[in-house]
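Q:
2 protein chains.
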Amino acid sequence: MSLILTFLGKGGTGRTTVAIAAAKQLASQGKRVLLAGQGSDPAMSAILGATLGPDPQEISTNLQGVQFHTAQLLERSWEELKKLEAQYLRTPIVKEVFGQELGVLPGMDSALGLNAIREYDAAGKYDAIVYDGTGDQTTLRMLGMPEILSWYIRRFRNLFINSDLGKTISPFIQPVTSAVLNVNWGEDNFAQPTNQVNNLLDQGKDAVANPHRMAAYLVSTGDPVAIATAKYLWGSAQQIGLTVGGVILNQATMPDTTAAETAQNLEQVYQTFDREAAVTDSVTSEFAPLAVSVMPARSGGNWQPLMAALPDFRQAYRAPKPIEIDIPARQVRLFLPGFDKKQVKLTQYGPEVTIEAGDQRRNIFLPPQLSGQPVKGAKFQNSYLTISF
Amino acid sequence: MSLILTFLGKGGTGRTTVAIAAAKQLASQGKRVLLAGQGSDPAMSAILGATLGPDPQEISTNLQGVQFHTAQLLERSWEELKKLEAQYLRTPIVKEVFGQELGVLPGMDSALGLNAIREYDAAGKYDAIVYDGTGDQTTLRMLGMPEILSWYIRRFRNLFINSDLGKTISPFIQPVTSAVLNVNWGEDNFAQPTNQVNNLLDQGKDAVANPHRMAAYLVSTGDPVAIATAKYLWGSAQQIGLTVGGVILNQATMPDTTAAETAQNLEQVYQTFDREAAVTDSVTSEFAPLAVSVMPARSGGNWQPLMAALPDFRQAYRAPKPIEIDIPARQVRLFLPGFDKKQVKLTQYGPEVTIEAGDQRRNIFLPPQLSGQPVKGAKFQNSYLTISF
Chain C
1 MSLILTFLGK GGTGRTTVAI AAAKQLASQG KRVLLAGQGS DPAMSAILGA TLGPDPQEIS
61 TNLQGVQFHT AQLLERSWEE LKKLEAQYLR TPIVKEVFGQ ELGVLPGMDS ALGLNAIREY
121 DAAGKYDAIV YDGTGDQTTL RMLGMPEILS WYIRRFRNLF INSDLGKTIS PFIQPVTSAV
181 LNVNWGEDNF AQPTNQVNNL LDQGKDAVAN PHRMAAYLVS TGDPVAIATA KYLWGSAQQI
241 GLTVGGVILN QATMPDTTAA ETAQNLEQVY QTFDREAAVT DSVTSEFAPL AVSVMPARSG
301 GNWQPLMAAL PDFRQAYRAP KPIEIDIPAR QVRLFLPGFD KKQVKLTQYG PEVTIEAGDQ
361 RRNIFLPPQL SGQPVKGAKF QNSYLTISF
Chain A
1 MSLILTFLGK GGTGRTTVAI AAAKQLASQG KRVLLAGQGS DPAMSAILGA TLGPDPQEIS
61 TNLQGVQFHT AQLLERSWEE LKKLEAQYLR TPIVKEVFGQ ELGVLPGMDS ALGLNAIREY
121 DAAGKYDAIV YDGTGDQTTL RMLGMPEILS WYIRRFRNLF INSDLGKTIS PFIQPVTSAV
181 LNVNWGEDNF AQPTNQVNNL LDQGKDAVAN PHRMAAYLVS TGDPVAIATA KYLWGSAQQI
241 GLTVGGVILN QATMPDTTAA ETAQNLEQVY QTFDREAAVT DSVTSEFAPL AVSVMPARSG
301 GNWQPLMAAL PDFRQAYRAP KPIEIDIPAR QVRLFLPGFD KKQVKLTQYG PEVTIEAGDQ
361 RRNIFLPPQL SGQPVKGAKF QNSYLTISF
């Protein structure tokens, strides 16, 4: 099992540089690290100074790199699907379609990228996987997928299997679902809650929710817009149950760094460092209680100062937990920083409690003692939503 | 029918600023403009200086703004689906599920965002829609969806309707498909090629392919990584058939601008302007034959110099066409800038010709005279792939 790290923040704040430095830091500690980029954008290869391909390749000691190529991942999944189809359907539908023909539709990058991370994790070859994704809402949709898809299955399974449509297509849908999720259901029935698809989603949910297994870090510069975006992504990450372990303040793009370089006397140098300290203080208070690591600008190929400035990523569990369920007190506490009271919506339309904030909607899967109980009260204070049953 | 504009480029190059300036420019010319942001990220509201919501609101004369909120768009589509389900299915499946419960899965942002643009376009209230999306591959997946989904339907329809599964579920699938694509099929048969879903996708394809209806512009700074990403997105946009009308070189983040401001004598000022001119020349040659517009930094609330620096967006059709089909010469010419020969793959596995480049795979829908013909030759020269039949 690997530690999976990712970085969230506004574009241009140096997320990819931070991801590379993080991968290098972990590799230098003797961990076997996979640095994984999303898509074929040349930016990561340019910053890394090595061209990455769709299969992992050695970058330096303990460090391998890969760039997910969705069209190719789709081709591989398609071949799996065809094998399963041949096995399960008397008259296969898709056998005449080649994986090399398939175009990429919205959502496929995320679904196939997540599946690739899962497979690299399961292979046991890496102690850490550093995922350099889009770093925005798209990355959160991807990491939120196991929980949200579990909910869709939970909510629709009974409605579906008791419907005319469900009864009709149930013999057909099993192999298809299996293949998309890359799992062999064997003779399991669609209605059985213990099937492998659910196991897989549960494993994904557990990994996202466990800061010893997965964590995100925010990347920001001193720019107010970048800070606002990072705060928004902080709250949005909590909404999918992902722990945010800390903040990395990238000094590279802070104008004061340039000013310090061109300063002509010691007085000017002091002034610029004072300004930098002020920015650091303000970022520290914006993101309290998270720890803020200040990362210097990179000069040439020397990554050492950046690696040294980064936090110890194994400490992510010390950050506030996105959700805490206190059964004796009959309370659920959600940490939702970056939102004000008006931006957080709590509803109980269906059988579960739904929280909406930051264009993320989360259905809280409650333990049996609280499940199905009406909400008695809710308050939002100090970024915590406390729900009482 | 509106002119739909979007901006592509690396994060942090000022895409959102350019989108706002473009919307203001068009509004100042008397056009009724909708500025549409994707998601609830606070960056656009912060740069615009006005808080945008999920419904269009007045920003200034002729200019309205909206921010697509996927969770809410999903709720609305769900209500449509429930109405259709009640109409078509004897035993409705989803009527007990509330739109307010539904979480957002990968791909929904794009699918629902595209549908929202389509609806605002069809409403006839706007002469131009400026879409400030993620500006990367995700935006291209979204705009490529009509063509790629058309291909999936074209390729799978016959395989599907002749299959056991197809025969079995055909009575069920019509209303569901209809609702997702927000169309009433009426009594049409799934096999009829002239149904409304296809019409809708064809309209989408036609809009994306028509530079009088839709165009993208690249945004870059002088930074080599930003230039590499913009070139990659240029080629990738051609791959989905979207015309790239030109390049906007954002001077705001060019270090020389700061240097010019702090220069202490005329000689230094001249030097910084020389360096800026050199960057502009190099960008112009990288993106030839596209026109490069140099956009100055914004000072405070004065958008006028930015608006004046932007190109005339109605001229996008002058840029090279992504695809040209010459029936008498039996040739197809694809413009694929930013890729070298090794990065472009041409295959003919299925009934159509497939081009793969930049993690985009495109099946070329050929006119009857060339359709189904074997490829006789192909050459890649000066960024053009010429295929002979």
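Each protein sequence line maps, in turn, to chains C and A.
Just so you know, we're using UniProt numbering here: the first sequence kicks off at 1 and counts up by one.
Just so you know, we're using UniProt numbering here: the second sequence kicks off at 1 and counts up by one.
Quick reminder that beta carbons are idealized off the backbone N, C-alpha and C, glycines included.
#1: Spell out whether any CB of chain C is found under 8 Å from the CB atom of A/A191.
#2: With DSSP as the reference, identify every bridge partner of C/R333, one or two as the case may be.
#3: According to DSSP, is C/T243 helix, strand or coil?
#4: Identify the continuous alpha helix (DSSP H) that holds C/A111 and give its terminal residues.
#5: Run through DSSP, which three-state label would C/A50 get?
#6: So which residues of chain C does A/A111 contact, with C-beta pairs closer than 7 Å?
#7: Output needed for A/R141: all residues of its chain with C-beta closer than 7 Å, excluding positions within five of it in sequence on either side, in chain order.
#8: Alpha carbon to alpha carbon, how far is C/A357 from C/T51?
#9: Check the C-beta distance from C/A309 over to C/V294 and give it rounded, since I have them as a contact under 8 Å.
#10: Measuring straight from C-alpha to C-alpha, what distance separates C/L233 and C/K321?
#11: What residue does the alpha helix (DSSP H) around A/S2 start on, and which one ends it?
#12: Is A/G338 helix, strand or coil by DSSP?
#13: Compare the C-alpha of A/G60 against each of A/G37, A/A71, A/A27 and name the closest.
#14: Kindly list, in the order they appear in chain C, the residues whose Cβ is closer than 8 Å to that of A/F160.
#15: If the cut is a Cβ gap below 9 Å, which residues of chain A does C/F98 touch?
#16: For a test of the three-state rule: what should DSSP assign to C/Q360, helix, strand or coil?
#17: Would you say A/K205 lies against chain C (beta-carbon separation less than 8 Å)?
#18: So the beta strand (DSSP E) A/K379 belongs to, where does it begin and stop?
#19: Based on DSSP bridge pairs, tell me the residues matched to A/N302.
#20: Evaluate contact between the segment 148 to 159 of chain C and the segment 30 to 43 of chain C, counting only Cβ atoms and requiring at least three cross-stretch pairs below 8 Å.
#21: What are the residues that DSSP puts in a beta bridge with A/D132?
#22: Quick one: grab the DSSP three-state call for A/L105.
#23: Which residue from C/K95, C/T134, C/S299, C/S45 puts its Cα closest to that of C/E113?
#24: Quick one: which chain A residues come within Cβ less than 9 Å of C/E10?
#25: With a threshold of 8 Å between beta carbons, is C/I387 in contact with chain A?
#26: Apart from the five residues just before and just after A/R330, which ones in its own chain have a Cβ nearer than 7 Å to its Cβ?
#27: Please decide whether A/E119 counts as near chain C, where near means a Cβ-Cβ distance under 8 Å.
#28: Under a Cβ-count criterion, where at least 16 other Cβ atoms within 10 Å of its own Cβ denotes burial, should A/M1 be classed as buried or exposed?
#29: Find the residues of chain A that neighbour C/M295, judging by a C-beta separation of less than 8 Å, and give them in chain order.
#30: So if I threshold CB-CB distances at 9 Å, which residues from the segment 122 to 145 of chain C count as touching chain A?
#31: Applying the 10 Å Cβ sphere with the 16-neighbour rule, what's the burial state of A/I93?
#32: Measure the CB-CB distance between C/H69 and C/P56 and report whether it falls below 8 Å.
#33: From A/K24 to A/D132, what does the alpha carbon distance come to, in whole angstroms?
#34: For C/A43, does the three-state DSSP call read helix, strand or coil?
#35: What residue does the alpha helix (DSSP H) around C/V18 start on, and which one ends it?
#36: Between C/V104, C/N62, C/N210, which has its C-alpha nearest C/S77's C-alpha?
A: The short version:
#1: Position 191 of the second sequence, counted from the start, is the residue given in the question as residue 191 of chain A. Residue confidence is low: A/A191 scores 40 on pLDDT, short of 50, so the model does not pin down where it sits. No coordinate-derived value is stated.
#2: Against the first sequence, residue 333 of chain C aligns to sequence position 333. DSSP lists C/E324, C/T386 as partners of C/R333.
#3: To locate residue 243 of chain C, count along the first sequence from 1; it is residue 243. Residue state, collapsed to three classes: coil.
#4: On the first sequence, residue 111 of chain C is found 111 positions in, with the first residue counted as 1. It spans 108 to 123 - the alpha helix (DSSP H) in which C/A111 sits, taken as one unbroken run.
#5: Stepping through the first sequence from its first residue, residue 50 of chain C is reached at position 50. Coil.
#6: Locating residue 111 of chain A in the second sequence gives position 111, counting from the first residue. Within 7 Å Cβ-Cβ: P106.
#7: Your numbering for residue 141 of chain A matches position 141 in the second sequence. Excluding residues within five positions, the ones whose Cβ falls inside 7 Å are S110.
#8: What you label residue 357 of chain C is simply residue 357 of the first sequence in a count that begins at 1. What you label residue 51 of chain C is simply residue 51 of the first sequence in a count that begins at 1. Each residue's Cα considered, the two are about 39 Å apart.
#9: Within the first sequence, numbered from 1, the residue matching residue 309 of chain C stands at position 309. Within the first sequence, numbered from 1, the residue matching residue 294 of chain C stands at position 294. The pair is a contact, with the Cβ atoms about 6 Å apart (cut-off 8 Å).
#10: For the purposes of this step, residue 233 of chain C is taken as residue 233 along the first sequence, with counting starting at 1. For the purposes of this step, residue 321 of chain C is taken as residue 321 along the first sequence, with counting starting at 1. Spanning the two alpha carbons is a distance of roughly 15 Å.
#11: As a working mapping, residue 2 of chain A is identified with position 2 in the second sequence. Boundaries for A/S2: no alpha helix (DSSP H) harbours it, and the DSSP string shows neither H nor E there.
#12: On the second sequence, residue 338 of chain A is found 338 positions in, with the first residue counted as 1. Three-state DSSP puts A/G338 in coil, outside helix and strand.
#13: Position 60 of the second sequence holds residue 60 of chain A. Inspection of the sequence shows that residue 60 of chain A is occupied by Ser rather than by Gly. Measuring from the Cα of A/S60, the nearest candidate turns out to be A/A27.
#14: By one-based count along the second sequence, residue 160 of chain A stands at place 160. Neighbours of A/F160 on chain C, chain order: I93.
#15: One-based indexing of the first sequence puts residue 98 of chain C at position 98. Ordered by position in chain A, the residues that pass the 9 Å Cβ test against C/F98 are T347, Y349, G350, T354.
#16: The count along the first sequence starts at 1 and reaches residue 360 of chain C at position 360. Looking at C/Q360 - three-state DSSP - the assignment turns out to be strand.
#17: In the second sequence, residue 205 of chain A corresponds to position 205, counting from 1. Answer no: the Cβ-Cβ gap between A/K205 and chain C never drops below 8 Å.
#18: Reading the second sequence from its first residue, position 379 is the one you call residue 379 of chain A. First-last of the beta strand (DSSP E) with A/K379: 377 to 381.
#19: If you number the second sequence from 1, residue 302 of chain A lands on position 302. Paired residues: A/S299.
#20: no
#21: Here residue 132 of chain A is taken as the residue at index 132 of the second sequence, counted from 1. Beta-bridge pairing links A/D132 to A/G37.
#22: Here the question's residue 105 of chain A lines up with position 105 in the second sequence. A/L105 falls in the coil class under three-state DSSP.
#23: The sequence position of residue 113 of chain C within the first sequence is 113, counting from 1. In the sequence on display, residue 113 of chain C carries Gly and not Glu. Nearest C-alpha to C/G113: C/T134.
#24: Within the first sequence, residue 10 of chain C is the residue found at index 10, counting from 1. With the sequence shown as reference, residue 10 of chain C is identified as Lys, and Glu is not the correct amino acid for it. Simply G11, G12, D41, A43.
#25: Residue numbering aside, residue 387 of chain C sits at position 387 when the first sequence is read from its first letter. Not an interface residue.
#26: Along the second sequence, read from residue 1 onward, the residue named residue 330 of chain A stands at position 330. The answer, listed in chain order, is L370, S388, F389.
#27: Walking along the second sequence from the start, residue 119 of chain A turns up at place 119. By this cut-off, A/E119 is not an interface position.
#28: Position 1 of the second sequence, counting from 1, holds the residue named residue 1 of chain A. That one is exposed.
#29: To locate residue 295 of chain C, count along the first sequence from 1; it is residue 295. Neighbours of C/M295 on chain A: none; closest Cβ ~16 Å, over 8 Å.
#30: Residues of the segment 122 to 145 of chain C with a C-beta less than 9 Å from any C-beta of chain A: T134, G135, D136, Q137, T138, R141, M142, G144, M145, listed in chain order.
#31: In the second sequence, residue 93 of chain A corresponds to position 93, counting from 1. A/I93 comes out buried.
#32: Taking the first residue of the first sequence as position 1, residue 69 of chain C is located at position 69. Taking the first residue of the first sequence as position 1, residue 56 of chain C is located at position 56. Cβ atoms of C/H69 and C/P56: not closer than 8 Å.
#33: Your numbering for residue 24 of chain A matches position 24 in the second sequence. Your numbering for residue 132 of chain A matches position 132 in the second sequence. Each residue's Cα considered, the two are about 13 Å apart.
#34: One-based indexing of the first sequence puts residue 43 of chain C at position 43. Reduced to three states, the DSSP call for C/A43 is helix.
#35: As a working note, residue 18 of chain C is residue 18 in the first sequence. 15 to 28 is the extent of the alpha helix (DSSP H) around C/V18.
#36: Taking the first sequence and counting its residues from 1, the one referred to as residue 77 of chain C is at position 77. Ranking C/V104, C/N62, C/N210 by Cα distance to C/S77 puts C/V104 first.
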